[in-house]
Structure formats: structure tokens, C-alpha cells
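Here is the structure we will look at, set down as C-alpha cells.
Number of protein chains: 2
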Amino acid sequence: MPTMKSILFVFTLLFSGMALRAAASAPPAMANHPIAIVMHGGAGTILRKDMTPQMEARYRASLKTALQTGYAVLKKGGTSLDAVQAAIQVLEDSPLFNAGKGAVFTHDGKNQMDAAIMDGKSMRAGAVADVQHIRNPIALARLVMEKTPHVLLVADGAEKFAQSQGMQLMPAGYFYTKPRWQELQRALQAEKRGRKSLALEENYPGTTAQGFGTVGAVAVDRYGNIAAGTSTGGLTNKLDGRVGDSPIPGDGTYANNLTCGASGTGTGEYYMELNLTKDVSDLMEYRGWSLKRAVDYEIHDKLVKFGGENSGGLIALDRQGEIVTAFNTAGMYRGYIDTHGNLVVKIFRDE
Amino acid sequence: MPTMKSILFVFTLLFSGMALRAAASAPPAMANHPIAIVMHGGAGTILRKDMTPQMEARYRASLKTALQTGYAVLKKGGTSLDAVQAAIQVLEDSPLFNAGKGAVFTHDGKNQMDAAIMDGKSMRAGAVADVQHIRNPIALARLVMEKTPHVLLVADGAEKFAQSQGMQLMPAGYFYTKPRWQELQRALQAEKRGRKSLALEENYPGTTAQGFGTVGAVAVDRYGNIAAGTSTGGLTNKLDGRVGDSPIPGDGTYANNLTCGASGTGTGEYYMELNLTKDVSDLMEYRGWSLKRAVDYEIHDKLVKFGGENSGGLIALDRQGEIVTAFNTAGMYRGYIDTHGNLVVKIFRDE
Numbered sequence: 001m002p003t004m005k006s007i008l009f010v011f012t013l014l015f016s017g018m019a020l021r022a023a024a025s026a027p028p029a030m031a032n033h034p035i036a037i038v039m040h041g042g043a044g045t046i047l048r049k050d051m052t053p054q055m056e057a058r059y060r061a062s063l064k065t066a067l068q069t070g071y072a073v074l075k076k077g078g079t080s081l082d083a084v085q086a087a088i089q090v091l092e093d094s095p096l097f098n099a100g101k102g103a104v105f106t107h108d109g110k111n112q113m114d115a116a117i118m119d120g121k122s123m124r125a126g127a128v129a130d131v132q133h134i135r136n137p138i139a140l141a142r143l144v145m146e147k148t149p150h151v152l153l154v155a156d157g158a159e160k161f162a163q164s165q166g167m168q169l170m171p172a173g174y175f176y177t178k179p180r181w182q183e184l185q186r187a188l189q190a191e192k193r194g195r196k197s198l199a200l201e202e203n204y205p206g207t208t209a210q211g212f213g214t215v216g217a218v219a220v221d222r223y224g225n226i227a228a229g230t231s232t233g234g235l236t237n238k239l240d241g242r243v244g245d246s247p248i249p250g251d252g253t254y255a256n257n258l259t260c261g262a263s264g265t266g267t268g269e270y271y272m273e274l275n276l277t278k279d280v281s282d283l284m285e286y287r288g289w290s291l292k293r294a295v296d297y298e299i300h301d302k303l304v305k306f307g308g309e310n311s312g313g314l315i316a317l318d319r320q321g322e323i324v325t326a327f328n329t330a331g332m333y334r335g336y337i338d339t340h341g342n343l344v345v346k347i348f349r350d351e
Numbered sequence: 001m002p003t004m005k006s007i008l009f010v011f012t013l014l015f016s017g018m019a020l021r022a023a024a025s026a027p028p029a030m031a032n033h034p035i036a037i038v039m040h041g042g043a044g045t046i047l048r049k050d051m052t053p054q055m056e057a058r059y060r061a062s063l064k065t066a067l068q069t070g071y072a073v074l075k076k077g078g079t080s081l082d083a084v085q086a087a088i089q090v091l092e093d094s095p096l097f098n099a100g101k102g103a104v105f106t107h108d109g110k111n112q113m114d115a116a117i118m119d120g121k122s123m124r125a126g127a128v129a130d131v132q133h134i135r136n137p138i139a140l141a142r143l144v145m146e147k148t149p150h151v152l153l154v155a156d157g158a159e160k161f162a163q164s165q166g167m168q169l170m171p172a173g174y175f176y177t178k179p180r181w182q183e184l185q186r187a188l189q190a191e192k193r194g195r196k197s198l199a200l201e202e203n204y205p206g207t208t209a210q211g212f213g214t215v216g217a218v219a220v221d222r223y224g225n226i227a228a229g230t231s232t233g234g235l236t237n238k239l240d241g242r243v244g245d246s247p248i249p250g251d252g253t254y255a256n257n258l259t260c261g262a263s264g265t266g267t268g269e270y271y272m273e274l275n276l277t278k279d280v281s282d283l284m285e286y287r288g289w290s291l292k293r294a295v296d297y298e299i300h301d302k303l304v305k306f307g308g309e310n311s312g313g314l315i316a317l318d319r320q321g322e323i324v325t326a327f328n329t330a331g332m333y334r335g336y337i338d339t340h341g342n343l344v345v346k347i348f349r350d351e
């Protein structure tokens with residue numbers, strides 16, 4: 001949508017060092033706003049019976065490390081943007097989660113990853129989608145926000161931009177993990193047999209604990225600024241080029257100091273058509289609802305009525321550091337460090 | 001974001017003929033709800049002094065033909081989805097507008113196009129982005145909505161899907177027009193000279209009347225269902241892979257029978273960070289505002305405060321067929337056929 005204003009943004013990029021957007025990440029003088037961070041590692045049919053104690057311990061340890069990594073940034077006076085990025089990179093580098101290494105495979109056997117980050121102070125966002133050789137898509141999303149006049153770069157263009165910023169492209173093999181590959185093979189075999197729908201979940205219980213793992217983080221820093229980020233490989237067996245809600249501001253990722261920060265995980269198409277995280281924010285801003293009421297309504301009522309029963313979850317926090325996690329699935333990998341410094345990690349519904 | 005539910009959507013696609021989504025487009029029994037259609041062909045610094053009478057007449061004639069094409073569909077009992085698609089295709093096929101043939105060029109000299117369509121009855125949406133060989137991106141967006149479980153397909157994956165649906169890929173040369181190519185050359189030359197910002201607009205007045213032209217349509221049909229669509233080549237000299245607001249439901253394109261349908265044109269990044277069309281809808285739903293109040297607030301207040309003065313416009317209508325057009329630029333190619341059958345086409349601010 002080309003106004004001259006827009007075109008000139010590109011000149012801003014090339015000649016003025018992007019002062020317009022760079023301002024967003026410069027922290028103000030040290031302050032003592034309460035700090036907190038909340039994360040998820042995906043929602044789905046996560047059941048105790050499908051999980052070995054060893055596997056469960058690995059998930060819990062990874063979430064704990066990611067939370068502590070983000071919290072350490074906040075603790076020493078870093079921004080919520082830095083905390084969110086650092087925390088998400090830990091899970092992108094872990095093969096357990098469906099983001100970065102360990103991303104799921106498309107129908108054609110590729111890893112195509114999406115990520116977004118958003119700054120609640122400036123409401124500037126950066127995002128990438130359909131990238132196939134980026135170790136940390138969340139880091140590239142951050143660069144889009146801070147070094148370009150754009151919000152979303154996709155596919156080859158996004159990778160070309162990554163290289164222009166000195167980011168190394170990874171060989172496609174880096175993202176490969178055996179469980180994700182097997183997950184695709186089972187999906188393809190089921191397709192061939194004409195197997196449909198929920199039958200798959202019942203017949204391949206082994207797959208269920210592996211079939212998700214989008215990661216997200218939301219944090220508030222000492223300056224009272226909220227940031228949110230999400231990173232994902234999307235859906236196993238998705239059509240090539242499918243982009244979900246994760247990289248779309250107001251859908252899977254949102255931050256607005258006035259209301260909340262949020263990151264979603266689930267059937268992204270629903271989140272996109274409902275603008276789920278923007279809706280949470282607007283219920284708070286325009287109707288005066290609390291964060292908890294808005295998130296619970298979204299996940300347990302609006303999403304369900306839209307066809308999304310057993311379809312996903314959301315993590316969110318407001319500027320006071322109040323944390324809300326909600327999901328309508330059997331489980332969600334999740335955890336937080338609250339304003340009192342308490343660290344909590346949970347997986348199953350009954351925790 | 002891979003829940004099993006999501007994965008199984010793909011099976012729905014492959015084995016069940018997408019009953020879930022196909023339902024959205026089947027019209028109910030004939031009804032007599034008032035019909036209307038509103039369109040835009042881009043907003044920007046459109047001044048009488050930059051426009052020859054011949055050029056002005058061509059723009060007005062194209063908008064009129066597009067409106068009449070969409071209205072004819074509504075008149076004979078077709079759906080608003082069909083009307084919006086038919087009307088937009090007329091402007092995609094016209095070299096005058098920045099969509100389909102006549103799309104602007106990226107920094108690297110490519111035509112990369114985005115489009116979305118949304119159904120206000122089901123709130124299902126379909127979209128494509130970064131497609132380079134699709135004559136009518138709006139038609140492909142419609143296929144994504146109706147033939148896949150996804151909302152957004154981008155780049156190579158989107159074109160592969162187009163081929164699987166029997167859509168012919170066009171050679172890149174089809175989209176070429178001399179004015180758009182010259183527009184890019186001027187932008188590149190200005191870049192080389194270190195020329196910045198608004199100076200460009202002042203020094204190259206010839207460019208201004210060509211520098212935009214995103215197209216959009218919103219209609220309400222005899223069944224009282226709203227649909228909206230938008231199609232664009234994006235920004236001249238944009239980074240490769242840049243995706244704007246047009247293909248994102250709730251940003252440049254939105255439809256919800258409860259509130260309104262809307263299509264935006266302007267600096268897409270602002271629309272994405274504000275979720276501009278979803279915001280209009282939420283002001284109506286959650287605050288009880290009229291369509292006109294919500295649209296005017298968005299374009300003349302919220303967008304301006306966000307840095308988007310002189311940055312764009314919006315067309316919208318509600319279920320009663322009330323039409324609103326607003327822009328904070330010097331002009332916007334726009335027109336409508338209202339519930340009384342009156343056809344109006346305008347370009348400049350003072351009309």
C-alpha cells in the first residue's frame with residue numbers, strides 16, 4: 001500500500017539508521033517497576049500416560065532454564081524485549097520444542113518457521129514467516145522491528161535480509177530431529193490410508209506428546225514496559241507456505257502497555273480469524289475487563305464457540321505483572337517467575 | 001502451532017472436501033436485504049495538478065466498471081464474497097492500479113503481491129502474500145479460504161497451491177508496466193543520491209499520482225452477509241519479502257456481520273501494529289460506536305497519533321449498507337453503489 005510516506009520509510013532504513021524505530025529499545029533511566037515473565041512451550045493433548053518421567057523432567061528443566069534466562073535479563077535492568085528474546089532463544093535451541101531446532105515438518109518435508117516480537121511501549125512489532133535456515137527466528141524478527149521500516153518479512157526476502165544483517169544461514173539439516181520426522185511420516189501414512197481426524201490422535205498416542213511445542217514469552221521490565229514474542233515451526237504436515245498466527249501482531253503475539261502482553265499456542269487459523277490477542281486487549285481497554293476475565297473468556301468461551309474446543313492456549317501478563325495462563329487442551333507446557341520471584345513450571349491440566 | 005486438531009485439519013482438506021469451510025459460501029434462500037458495495041483504488045497525494053483529464057477519466061471509468069461488476073453480482077442474488085472478488089479482479093486486471101497487472105516493484109525489481117478476502121458470516125478468511133505469478137491474487141485468496149484449512153499461504157507454497165487448483169502461473173513480465181518501473185528507478189536513483197523523506201515527493205511530482213493504488217472492496221448481499229477483500233503490490237522499493245496489512249485479517253481486510261466490513265489502504269505497517277480494521281469493529285461491538293464514528297476516529301485520530309498523518313484511508317460498510325469512506329491523505333480513489341442504487345465515484349479530497 002504505497003503512499004510516498006511509505007516509500008520513504010525505505011530511505012529512512014537506508015540512510016538514517018532507523019532512528020524512528022530504534023528509539024523503542026532504548027531503556028529509560030533505572031526504575032523499580034515489579035518484574036515478571038511468563039512462557040509457554042505449546043498446548044495440546046499432553047497426558048501423563050504418554051510421557052516418561054525422563055521426558056517430563058527434560059521439558060520442565062528446559063522451561064526452567066528459559067524462564068531463568070529471561071528473568072536474569074530483567075533482574076539486571078534489561079528490557080522486556082531483551083528478556084523475551086533471550087528466553088525464547090533457549091527453547092528455539094532445544095530440540096524438544098517446535099521452534100528453531102526441532103521444528104515440525106511441512107507436507108513436503110521442510111522446516112518453515114515463523115516468529116514475532118512486539119514492544120508494548122511503542123507498539124512496534126517485527127516478524128518473519130516461512131524462513132527455513134534461521135537458527136533463531138525470534139532474533140530475526142527483532143531485527144525486522146529495529147532495522148527495517150517493515151513489520152513482516154517472509155521466505156527468501158526474510159533470509160536475504162538476515163544475511164544483510166550478518167546472520168549466518170543454517171543448513172536445513174540443522175533443524176532435523178527424528179521424532180518430528182517420524183511424526184510427519186505417520187501423518188503421511190495416515191493420509192494414504194484415508195485415516196481422518198480425531199482417529200489419528202487415538203491411534204498414535206505416542207505422537208501426541210510431540211505434536212506441538214510452539215514457544216512464547218511475555219515479560220514486564222523494571223521500566224514498566226511489556227514485550228511479547230512467539231516462535232514456531234507451525235503444524236506438522238501443513239501445506240508449504242502456510243503462515244499461522246504466531247508472526248501476526250494481534251493474533252498469536254501482542255504487546256500494549258495500556259493493557260497486556262500475550263502469546264498464543266494452538267490452531268493458529270482460529271487465532272487469526274478472531275484476532276485473539278488483540279481481542280483480549282480490546283476487552284480490557286474498551287470494556288474494562290480484567291486480564292483474567294478477558295483471557296478466560298477468549299479461551300473457554302469465544303474460541304470454543306468458534307469451533308476451537310481443545311484447540312489451544314494463551315499466556316499473558318499486564319503491566320502490574322499479574323500473570324494469567326489458560327488453555328482448553330489437556331495440557332500446556334508453561335511456567336513463570338512472578339513479581340515475588342517465585343518460579344513455577346507446569347505441564348498437565350491437574351497441576 | 002501444532003495441536004493434533006490442527007494436523008487433522010489437513011486431513012479434512014485432503015479427504016472430506018473441506019465441508020467445514022465450504023459451508024461459508026453457500027447462500028441461504030433468496031432474501032431481500034438491501035445491497036451495497038464500496039471500493040477504493042488507493043489513497044495518497046492525489047492532486048488535480050498532477051493528473052491529466054485523460055488520466056482522471058480512465059481512473060473514474062475503471063472504478064465505475066469495477067463497482068458495476070460487483071453490483072451486478074449482488075443484484076442477481078450472488079453472494080458478497082462473489083461480488084467483492086469480481087469487483088477486485090477488474091482492478092487487478094487494470095494496469096492503473098497497484099494490484100495484479102500494474103503492481104509496483106520491490107527494491108530488487110520484482111512484483112510481489114498480497115491479497116485477502118474475508119466472509120463476515122462465518123468470519124473465515126483466506127489470504128496470500130509474496131506471490132509473483134498470480135494474475136488475480138484475490139481469486140487465490142478465495143481458494144485458500146475455501147479449499148484449505150489455512151488462512152494465509154505465502155511465496156512458493158502459495159504458488160504451488162495455485163497450480164494444484166489448476167490456476168495458471170503468469171510470466172513475471174505480465175505484471176510489468178512502464179510507469180511502475182520508472183517509479184522504482186526514480187526511487188533507486190534518489191536512494192543513491194542520499195535523498196531522503198518528503199523531499200522525494202516534492203521533487204518528483206510526476207510520481208505521486210502513480211505511487212499507490214492498492215484496491216479493496218466491501219459489499220453486503222441480499223442475505224445480509226458482509227464480505228471484504230483487498231489486493232495490492234505493496235510499496236514501491238519495499239524490501240523483498242515484505243508483507244503488509246492487506247492480506248492480514250483485522251489489519252487491512254476485515255468482515256464481521258455483527259459490526260462491519262472494511263478494507264484499508266495506506267502505510268500498511270501502521271495498520272498492522274494497530275490492527276486497524278479489527279479496532280474499528282471492536283469500537284462498534286465493545287463501545288457501541290457507530291461505523292462512521294469508529295472509522296473517523298481511526299483515520300483522523302488514532303492513526304495520526306501513531307505517526308500516520310497523511311498515511312492512508314479506509315472504506316467500510318455495515319450490515320444495513322451504510323457506507324463510510326475516510327482518508328487523511330490528499331485523495332483516495334473511491335466509489336460506491338449505495339442501497340438506493342446510486343453510483344458515486346470520487347478521487348480528490350474536495351469532492
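Going down the list, the sequences are from chains A and B. Residues in the first sequence are numbered consecutively from 1, following my numbering. Residues in the second sequence are numbered consecutively from 1, following my numbering. Even glycine gets a Cβ: it sits at the ideal position worked out from N, Cα and C.
Boundaries (first-last residue) of the alpha helix (DSSP H) holding residue i
i       : result
Y333(A) : No alpha helix (DSSP H) contains Y333(A), which is instead part of the beta strand (DSSP E) from 331-337.
A31(B)  : No alpha helix (DSSP H) contains A31(B), which DSSP labels as neither H nor E.
I88(A)  : 80-93
Y71(B)  : 53-75
F175(B) : Where F175(B) is concerned, there is no enclosing alpha helix (DSSP H), given that its DSSP letter is neither H nor E.
L258(B) : Neither: L258(B) is in no alpha helix (DSSP H) and is coded neither H nor E.
D282(B) : 276-287
L140(B) : 137-147
V295(A) : 291-297
A155(A) : 155-164
Chain-ordered neighbours of residue i on chain A, where CB pairs are closer than 9 Å
i       : result
D156(B) : D130, A155, D156, D240, G241
K391(B) : Residue 391(B) is absent from the model: chain B starts at 1 and stops at 351.
Contact list for residue i against chain A, beta-carbon separation under 8 Å
i       : result
T275(B) : The sequence given here has Asn at residue 275(B), not Thr. Those within 8 Å of N275(B) in chain A are P249, G250, N275, K278.
R222(B) : What R222(B) touches in chain A: nothing, since even the nearest Cβ is about 24 Å away.
T283(B) : In the sequence under discussion, the amino acid at residue 283(B) is Leu, which differs from the Thr named in the question. The answer, in chain order, is Y286.
Where residue i sits in the DSSP three-state scheme
i       : result
K346(B) : strand
F212(B) : coil
V243(A) : strand
L169(A) : coil
A127(B) : strand
V304(B) : helix
Residue i versus residue j - alpha carbon distance
i       : j       : result
L188(B) : L169(A) : 28 Å
L303(B) : G120(A) : 17 Å
N111(A) : N225(B) : 38 Å
E201(B) : D296(B) : Residue placement at E201(B) is poorly supported in this model, since its pLDDT is 33, which falls under 50; the coordinates still yield a value, given next. Using only the alpha carbons, I get a separation of about 26 Å.
T106(B) : Q132(B) : 11 Å
G41(B)  : Q165(B) : 28 Å
N342(B) : A190(B) : 44 Å
T325(B) : V84(B)  : 17 Å
S62(B)  : Y71(B)  : 14 Å
V151(A) : R60(A)  : 33 Å
P179(A) : R242(A) : 21 Å
Chain-ordered chain A contacts of residue i [CB-CB under 7 Å]
i       : result
P149(B) : E269
Y297(B) : The contacting residues do not exist; Y297(B) stays about 12 Å from chain A at best.
R124(B) : E273
N-terminal and C-terminal residue of the beta strand (DSSP E) that residue i is part of
i       : result
I117(B) : 113-119
V220(B) : 215-220
S231(B) : 226-232
I323(A) : 323-327
I134(A) : Unbroken run through I134(A): none, as it is neither H nor E.
Chain-ordered neighbours of residue i on chain B, where CB pairs are closer than 7 Å
i       : result
R287(A) : Y286
M167(A) : Neighbours of M167(A) on chain B: none; closest Cβ ~14 Å, over 7 Å.
Residue j beta carbon less than 8 Å from that of residue i
i       : j       : result
L239(A) : T148(B) : yes
E159(A) : V104(A) : no
R319(A) : V215(A) : no
Y336(A) : V38(A)  : yes
T339(A) : M118(A) : no
Listed by chain order, chain B residues near residue i by CB distance under 8 Å
i      : result
D50(A) : In chain order: nothing, as chain B lies at least about 12 Å away.
Partners in chain B for residue i, counting only beta-carbon separations shorter than 9 Å
i       : result
L140(A) : Correct list: empty, because the minimum Cβ distance to chain B is about 11 Å.
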